[in-house]
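Visitor: Protein chains in written order, with my numbering: chain Z, 105 to 357; chain S, 2 to 616. Could you have a look at this structure, given as structure tokens, before my questions?
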Amino acid sequence: MESELLEVSGLRKSFGALAAVDDLTLSLREGEVRALIGPNGAGKTTFFNLLTGHLRPDAGSVRLRGESITSMPPPRIWRRGVSRTFQVPAFFASKTVFENVQIAVLSHLGLTGKFYVFQGKKGEERVNLILERVGLKERSGEVSGHLSYGDLKKLELAMALANDPQLLLLDEPTAGMAPGERGALMALVLEIATERGLTVLFTEHDMDVVFSVAQRVTVMHQGRVVADGAPEDVRSDPGVQRIYLGEDERCSS
Amino acid sequence: MQLLQILTVQVVTGLTNAMFLFLIASGLTLIFGVTRIVNFAHGSFYMLSSYITYSLMAALGPWEARFWVSLILAPAAVAMVGYIIERLLLRRIYGSPELFQLLLTFGLVLIFGDLVKAVWGTDNKSVPVPEQVSGSFTLLGQQFPHYYLLVLALGPVVTLGLWWVFYRTRWGMLIRAATEDREMVAALGVDQGRLFTGVFVFGSWLAGLGGALAAPVMAISPGMDTAVIVEAFVVVVVGGMGSFSGALLAAILIGILKAVGIMIVPGISIVLIFAFMAVVLILKPWGLAGRPMAEIRGAPPPRGAALGPSRGLYAAALLGGALLLSLPLWAGRFWLVVAGEVFAFGLFATSLNLLWGYGGMVSFGHAAYFGLGAYTSALLLQKAQISMSLCFLISPCVAGAAGLIFGFFCVRLSHIYLAMLTLAFAQILYTIALQWYDFTGGDNGLLGIWPTGPLGTPLGYYYLSLGLAALGICAVWMVVRSPFGAALRALRDNPARAESIGIPVRLYQLVAFVISGFFSGLAGVIFVFQKGSVFPDYLFVVKSIEPLIMILLGGMHSFAGPLIGSGVFKLLDTVITSGTEYWQAVLGGILAGLVLMFPQGITGYTGRHREGGRA
Numbered sequence: 105m106e107s108e109l110l111e112v113s114g115l116r117k118s119f120g121a122l123a124a125v126d127d128l129t130l131s132l133r134e135g136e137v138r139a140l141i142g143p144n145g146a147g148k149t150t151f152f153n154l155l156t157g158h159l160r161p162d163a164g165s166v167r168l169r170g171e172s173i174t175s176m177p178p179p180r181i182w183r184r185g186v187s188r189t190f191q192v193p194a195f196f197a198s199k200t201v202f203e204n205v206q207i208a209v210l211s212h213l214g215l216t217g218k219f220y221v222f223q224g225k226k227g228e229e230r231v232n233l234i235l236e237r238v239g240l241k242e243r244s245g246e247v248s249g250h251l252s253y254g255d256l257k258k259l260e261l262a263m264a265l266a267n268d269p270q271l272l273l274l275d276e277p278t279a280g281m282a283p284g285e286r287g288a289l290m291a292l293v294l295e296i297a298t299e300r301g302l303t304v305l306f307t308e309h310d311m312d313v314v315f316s317v318a319q320r321v322t323v324m325h326q327g328r329v330v331a332d333g334a335p336e337d338v339r340s341d342p343g344v345q346r347i348y349l350g351e352d353e354r355c356s357s
Numbered sequence: 002m003q004l005l006q007i008l009t010v011q012v013v014t015g016l017t018n019a020m021f022l023f024l025i026a027s028g029l030t031l032i033f034g035v036t037r038i039v040n041f042a043h044g045s046f047y048m049l050s051s052y053i054t055y056s057l058m059a060a061l062g063p064w065e066a067r068f069w070v071s072l073i074l075a076p077a078a079v080a081m082v083g084y085i086i087e088r089l090l091l092r093r094i095y096g097s098p099e100l101f102q103l104l105l106t107f108g109l110v111l112i113f114g115d116l117v118k119a120v121w122g123t124d125n126k127s128v129p130v131p132e133q134v135s136g137s138f139t140l141l142g143q144q145f146p147h148y149y150l151l152v153l154a155l156g157p158v159v160t161l162g163l164w165w166v167f168y169r170t171r172w173g174m175l176i177r178a179a180t181e182d183r184e185m186v187a188a189l190g191v192d193q194g195r196l197f198t199g200v201f202v203f204g205s206w207l208a209g210l211g212g213a214l215a216a217p218v219m220a221i222s223p224g225m226d227t228a229v230i231v232e233a234f235v236v237v238v239v240g241g242m243g244s245f246s247g248a249l250l251a252a253i254l255i256g257i258l259k260a261v262g263i264m265i266v267p268g269i270s271i272v273l274i275f276a277f278m279a280v281v282l283i284l285k286p287w288g289l290a291g292r293p294m295a296e297i298r299g300a301p302p303p304r305g306a307a308l309g310p311s312r313g314l315y316a317a318a319l320l321g322g323a324l325l326l327s328l329p330l331w332a333g334r335f336w337l338v339v340a341g342e343v344f345a346f347g348l349f350a351t352s353l354n355l356l357w358g359y360g361g362m363v364s365f366g367h368a369a370y371f372g373l374g375a376y377t378s379a380l381l382l383q384k385a386q387i388s389m390s391l392c393f394l395i396s397p398c399v400a401g402a403a404g405l406i407f408g409f410f411c412v413r414l415s416h417i418y419l420a421m422l423t424l425a426f427a428q429i430l431y432t433i434a435l436q437w438y439d440f441t442g443g444d445n446g447l448l449g450i451w452p453t454g455p456l457g458t459p460l461g462y463y464y465l466s467l468g469l470a471a472l473g474i475c476a477v478w479m480v481v482r483s484p485f486g487a488a489l490r491a492l493r494d495n496p497a498r499a500e501s502i503g504i505p506v507r508l509y510q511l512v513a514f515v516i517s518g519f520f521s522g523l524a525g526v527i528f529v530f531q532k533g534s535v536f537p538d539y540l541f542v543v544k545s546i547e548p549l550i551m552i553l554l555g556g557m558h559s560f561a562g563p564l565i566g567s568g569v570f571k572l573l574d575t576v577i578t579s580g581t582e583y584w585q586a587v588l589g590g591i592l593a594g595l596v597l598m599f600p601q602g603i604t605g606y607t608g609r610h611r612e613g614g615r616a
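This is the structure we're talking about:
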């Protein structure tokens with residue numbers, strides 16, 4: 105219960121004069137579902153890219169179960185059990201739904217370096233289990249480029265689950281979906297997280313989703329953490345209200 | 002003192018050459034910046050202008066102003082040609098993938114090359130230095146023609162003129178804006194079509210000016226187009242594509258490097274230039290003054306090969322195999338030779354498509370591996386008396402090793418930069434083969450590379466070619482169908498996602514380079530023993546383009562496409578070569594026609610129809 109899965113301290117990343125992530129410190133407990141919120145440009149996506157190795161931090165450290173993963177390349181961080189989804193769905197458009205998940209599974213099994221064997225249906229059982237879990241089993245044979253937006257989000261989730269992750273990073277998992285679908289997708293994420301004891305960190309703009317799913321909420325603004333705590337505490341935090349609603353003291357939710 | 006004098010000569014010559022280079026490169030970079038077209042035909046415009054200057058000078062007779070009149074008329078004529086090309090051809094393919102644009106303009110290079118040969122013949126022409134500047138001056142005890150002074154003085158004048166156009170006119174402002182973000186400029190109500198035409202015509206005029214100015218000091222010959230375009234590409238890439246100041250800086254650096262390089266490594270100074278480019282691209286992947294290219298919004302997503310159903314393919318392979326095995330029974334010797342070449346090129350194109358169609362990396366210099374395989378075998382056989390079977394073993398490994406070295410640099414880049422670097426490496430090998438006379442025989446090549454042993458007969462070698470090519474193609478087929486092949490297609494579709502599922506993108510791209518290089522090398526060995534000789538042409542850019550055309554002909558989206566394409570290509574080659582000496586022009590015409598008819602590729606076309614209802 106008390107063990108820390110992820111510890112981030114003093115993380116910093118600048119683009120020219122702009123400090124996108126500025127001395128950010130944060131830790132995640134094993135098994136917690138945490139929302140990371142903040143206005144556009146707060147540095148949430150940059151922070152994710154620092155965690156997954158797509159960007160190198162200028163300073164600070166990232167530790168997973170006490171071991172440093174700072175500045176590791178993305179494939180190695182993924183192999184340590186950190187999976188992610190992207191704000192704009194990232195998938196392999198020429199492949200079928202099955203093949204999209206299959207390549208992630210094969211990568212997890214360490215088979216993608218083999219060029220002298222046929223791929224065939226290797227890993228089929230595992231792929232089907234994952235597809236079944238996210239509800240894409242019937243779409244298995246479809247070319248992923250033809251999927252609806254909501255299904256693409258599920259496909260990304262399926263790919264992120266292929267390596268039995270310990271930490272799942274979801275960058276705006278419900279962006280672009282109809283309000284009704286959002287709740288269903290996040291319920292699915294929550295179910296899977298509970299089943300597998302996953303730790304989840306997600307960014308989100310839909311406050312209904314945030315407050316119904318997250319056990320804890322962290323607020324980022326201008327590259328820093330400005331509030332951190334239980335959803336109801338964060339909701340009533342005057343500083344947070346100021347960030348979202350402006351300086352007018354009379355506004356309250 | 003002696004050294005200083007020589008150095009002075011070289012620096013002055015280098016600077017003069019730099020001015021010609023800058024004129025061409027600035028047009029090239031301007032056109033690329035705005036229209037995103039890499040115009041291979043830019044060197045042809047330069048050449049055309051030199052030839053027109055030559056003809057005008059002859060036509061105008063002994064009139065003393067004849068050069069100056071030509072200097073105005075020739076670039077104007079080339080600008081007209083540019084106008085026609087833009088309106089008739091380029092206009093149709095602005096939305097196409099960059100490689101298709103590159104191929105279309107390369108088709109124009111071939112057509113212009115043959116056109117010039119047809120009109121002016123193949124012998125060198127020269128233009129006298131105009132009387133008014135025919136004298137010379139002395140600098141540090143060395144004589145220099147006054148004409149150099151004129152060119153050196155014109156350089157800054159042109160640079161200032163360009164600066165004025167770009168920073169002081171509305172049109173220049175639009176060009177700068179369009180280089181930054183052309184969709185935004187279009188959204189603001191600027192007529193994009195007119196802007197593109199204007200830019201292309203202006204760029205063509207700059208190349209024409211370079212060609213006319215260079216006419217009195219250069220030998221005017223049919224090969225000058227490709228020689229100059231390769232150097233201009235280097236200037237543009239080193240300077241940063243789309244950047245003027247970068248082009249100027251790079252032209253000066255390269256002009257001087259080339260001239261001084263001749264003193265240090267005579268003959269292969271061009272290698273220095275490419276080495277310089279490689280270093281710059283590694284340190285600054287976008288060139289000295291370049292910035293990462295803005296994405297073109299609304300551009301079609303790249304389409305690549307996917308795994309299709311295989312049942313039909315097996316049946317076709319079986320049928321084709323039976324046909325080819327029995328070919329010697331019912332076809333004449335001539336067709337056996339043609340078929341043998343198809344085997345070599347089928348394997349060559351297939352291995353290139355592993356990189357392009359499946360890996361999403363466009364190699365514009367794959368002749369490097371093909372030619373390296375051929376040269377290694379020829380050299381092993383002649384210099385070391387090594388047996389044929391060992392040649393077949395060693396040469397592909399050498400080509401694979403080259404794939405490792407070149408690939409190491411190339412996978413750091415993407416898109417057009419990658420294509421240009423692959424081309425640069427191939428040109429380095431070409432230059433070495435051409436100029437290292439004692440070792441490679443220069444343009445005489447190496448002769449007498451015939452197969453020996455029981456498989457040395459025409460029939461025996463036919464079966465050996467068939468067997469080895471089939472083996473190679475099956476191996477590539479296996480790679481494509483392997484988990485590695487799946488990972489390759491994945492990283493082509495979405496590199497960021499591929500990294501996020503544990504695929505080391507650059508490493509896998511490098512492995513693809515090695516595999517592709519290996520089998521291209523094998524194709525080269527098969528080919529060299531068929532022909533019995535090897536020439537620098539095997540490493541030349543045309544040999545790199547041929548397999549790309551084959552892939553386009555047959556379709557890059559299916560495994561068998563390149564094979565079918567190589568068959569069609571060789572048949573066309575055989576039929577047309579027997580009918581005309583202008584084979585290159587016909588080839589260029591086919592290329593241009595293909596790109597214009599199927600701007601998304603042949604299978605891209607059918608694919609769109611198949612998926613029509615769903616997108």
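The beta-carbon is built from N, C-alpha and C at its ideal position, and this holds for glycine as well.
Check each candidate in S:G156, S:A154 and S:A233 and name the one with the smallest Cα separation from I25 (chain S).
Guide: With distances taken between Cα atoms, I25 (chain S) lies closest to S:A233.
Visitor: Could you name the residues of chain Z that V412 (chain S) contacts, counting a contact when the two beta carbons are closer than 7 Å?
Guide: Listed by position along chain Z, the residues whose Cβ is nearer than 7 Å to that of V412 (chain S) form an empty set, because the closest Cβ is around 14 Å away.
Visitor: Would you mind telling me which residues of chain S sit closer than 8 Å to L210 (chain Z), beta carbon to beta carbon, in chain order?
Guide: Under the 8 Å cutoff, chain S gives P484, A487 and A488.
Visitor: Is the CB of M185 (chain S) under 8 Å away from at least one CB in chain Z?
Guide: no
Visitor: Please state the DSSP three-state secondary structure of G605 (chain S).
Guide: With a pLDDT of only 48 at G605 (chain S), under 50, the local geometry of the prediction cannot be trusted, and no value is derived from it.
Visitor: Which of the three DSSP states is assigned to K218 (chain Z) in this structure?
Guide: coil
Visitor: For A318 (chain Z), go through chain S and note every residue whose CB falls closer than 7 Å to its CB, in chain order.
Guide: What A318 (chain Z) touches in chain S: nothing, since even the nearest Cβ is about 23 Å away.
Visitor: Check whether the stretch 419-428 of chain S and the stretch 359-373 of chain S are in contact - that is, three or more C-beta pairs closer than 8 Å.
Guide: Judged by Cβ distances under 8 Å, the stretch 419-428 of chain S makes contact with the stretch 359-373 of chain S, as three or more pairs qualify.
Visitor: Check for me: the alpha helix (DSSP H) holding P397 (chain S) runs from which residue to which?
Guide: Counted as a single uninterrupted DSSP element, the alpha helix (DSSP H) harbouring P397 (chain S) occupies residues M389 to C411.
Visitor: When you compare only the Cα positions, how much space is there between V134 (chain S) and S205 (chain S)?
Guide: So the two alpha carbons sit approximately 26 Å from each other.
Visitor: Can you tell me where the alpha helix (DSSP H) with I141 (chain Z) in it begins and where it stops?
Guide: I141 (chain Z) -> not in any alpha helix (DSSP H); beta strand (DSSP E) instead, spanning V137 to I141.
Visitor: DSSP on A1 (chain S), reduced to helix/strand/coil?
Guide: The structure shown does not extend to residue 1 (chain S), since chain S is modelled only from 2 to 616, so the question has no answer here.
Visitor: In the structure shown, what three-state DSSP assignment does D268 (chain Z) receive?
Guide: coil
Visitor: Mind checking if E500 (chain S) is an interface residue toward chain Z, Cβ cutoff 8 Å exclusive?
Guide: yes
Visitor: So which of S:A216, S:G556, S:T160 and S:I502 has the shortest CA-CA distance to L265 (chain Z)?
Guide: S:I502
Visitor: Can the beta-carbon of F485 (chain S) be found closer than 8 Å to that of F219 (chain Z)?
Guide: Taking 8 Å as the cut-off, the beta carbon of F485 (chain S) is found closer than this to the beta carbon of F219 (chain Z).
Visitor: Excluding the 5 residues preceding and the 5 following G15 (chain S) in the sequence, name in chain order all residues of the same chain whose CB lies nearer than 7 Å to its CB.
Guide: G256, I257, K259, A260 and V261
Visitor: Taking 8 Å as the cut-off, does the stretch 488-505 of chain S touch the stretch 192-212 of chain Z (at least 3 CB pairs, one atom from each stretch)?
Guide: yes
Visitor: Distance cutoff 8 Å, beta carbons only. Does M263 (chain Z) sit that close to anything in chain S?
Guide: Yes, because at least one Cβ of chain S sits closer than 8 Å to the Cβ of M263 (chain Z).
Visitor: Find the nearest neighbour of G401 (chain S) within the set S:P146, S:I516, S:F203 and S:F528, judged by alpha-carbon distance.
Guide: S:I516
Visitor: Short check: CB of S378 (chain S) to CB of S364 (chain S), under 8 Å?
Guide: no
Visitor: Quick one: what does DSSP say T139 (chain S) is sitting in, helix, strand or coil?
Guide: strand
Visitor: Taking 8 Å as the CB-CB cut-off, is I73 (chain S) touching chain Z?
Guide: Judged by the 8 Å Cβ criterion, I73 (chain S) is not in contact with chain Z.
Visitor: Just verifying my parser: in three-state terms, what is the DSSP assignment at D182 (chain S)?
Guide: coil
Visitor: Determine contact between the stretch 531-547 of chain S and the stretch 426-446 of chain S, defined as no fewer than three beta-carbon pairs at a distance below 8 Å.
Guide: yes
Visitor: I need the straight-line Cα distance from T322 (chain Z) to D126 (chain Z), nearest angstrom please.
Guide: So the two alpha carbons sit approximately 15 Å from each other.
Visitor: What does N267 (chain Z) reach in chain S if we use C-beta pairs closer than 8 Å?
Guide: I502 and G503
Visitor: Tell me which same chain residues have a C-beta within less than 8 Å of the C-beta of I552 (chain S), skipping the five on either side of it?
Guide: A350, L353, N354, W357, G358, G562, P563 and G566
Visitor: Report yes if the CB atom of T200 (chain Z) is closer than 8 Å to the CB atom of V247 (chain Z), and no otherwise.
Guide: yes
Visitor: Under 7 Å, CB to CB, which of the residues in the stretch 542-562 of chain S have a partner in chain Z?
Guide: Going along the stretch 542-562 of chain S in chain order, one finds no residue with a Cβ nearer than 7 Å to chain Z.
Visitor: Note down, in chain order, every chain S residue with its Cβ under 9 Å from the Cβ of R183 (chain Z).
Guide: G503
Visitor: Under three-state DSSP, which class holds V266 (chain S)?
Guide: coil
Visitor: Evaluate contact between the stretch 112-128 of chain S and the stretch 217-226 of chain S, counting only Cβ atoms and requiring at least three cross-stretch pairs below 8 Å.
Guide: yes
Visitor: For G245 (chain Z), which residues in the same chain have their Cβ closer than 8 Å to its Cβ, ignoring the five residues on either side in sequence?
Guide: T200, V201 and F202
Visitor: What residue range does the alpha helix (DSSP H) around E111 (chain Z) cover?
Guide: For E111 (chain Z), there is no enclosing alpha helix (DSSP H); the enclosing beta strand (DSSP E) covers residues E108 to F119.
Visitor: Are the beta-carbon atoms of T156 (chain Z) and L256 (chain Z) separated by less than 8 Å?
Guide: No, these two residues do not count as a Cβ contact at 8 Å.
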